[in-house]
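Contents: one structure, followed by commentary.
Numbering (the numbering used here), first residue to last: 10 to 185.
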């Protein structure tokens, strides 16, 4: 059986260059607890991003799961995601609304799951723990999608956000 341990965070905190090493500590604890067979991360797929997860587990057990711009374009979601509604900065310098586009983000999350399943098949993984780091907005939606797959995996959820999310990114809103 596969056990997914999903960690919702802020993408800037995933980068190995981040001065905030709180996510690294969360990952170290999860690695010690679960001995993962894979760490899968939502990172910019158009760049070679060094993350704490990648550093901790090594190249053989690490996977970038997000879509490239071309894959987003082919899936018909590039413009939706690029032109997210209400990406207007408020007087405090932060966004007014934190919008989750259910259709577009759902396509991405299913892509991530498919990519993880494909990688597991490719390297012969049929059991063990897989740690996924993703943006905090995806945490619950991704967990629900994983639970809807057959066979249903075991899932645990964690988060690392060391600040007030709504203050920084605005009120969370789900749009179609």
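In this text, a Cβ means the ideal position worked out from N, Cα and C, and glycines have one as well.
On a predicted model such as this, the values are computed, not experimentally measured, just so you know.
For residue 111, the CB contacts under 6 Å within the same chain, skipping 5 residues up- and downstream, are 183 and 185 in chain order.
Counting only runs of at least 3 residues, the stretch 22-95 fully encloses the following beta strand (DSSP E) elements, listed from N- to C-terminal order: 47-50 and 71-73. Here the alpha carbon of residue 21 sits roughly 28 Å from the alpha carbon of residue 156. Going by beta carbons, residue 54 and residue 75 fall inside the 7 Å limit.
Take residue 116, set aside five residues on each side of it, and the residues of its chain with a beta-carbon closer than 6 Å to its own are 84 and 86, in chain order. By the Cβ test, the stretch 47-67 is in contact with the stretch 18-34, since at least three Cβ pairs between them sit closer than 8 Å. Just so you know, the alpha carbons of residue 91 and residue 139 end up roughly 29 Å apart.
Sequence-distant Cβ neighbours of residue 89 in its own chain, meaning closer than 7 Å and more than five residues away, are 110 and 113.
For residue 71, the CB contacts under 6 Å within the same chain, skipping 5 residues up- and downstream, are 48 and 63 in chain order.
Across the structure, residue 127 and residue 69 are spaced so that their CA atoms are roughly 15 Å apart.
Of the candidates 169, 176, 179 and 180, 169 places its Cα closest to the Cα of residue 37.
Pairing residue 15 with residue 148 gives a Cβ-Cβ distance under 7 Å.
The DSSP-derived three-state label of residue 123 is helix.
Contact between residue 145 and residue 17 holds: CB atoms are separated by about 4 Å, below the 8 Å threshold. Sequence-distant Cβ neighbours of residue 130 in its own chain, meaning closer than 8 Å and more than five residues away, do not exist here.
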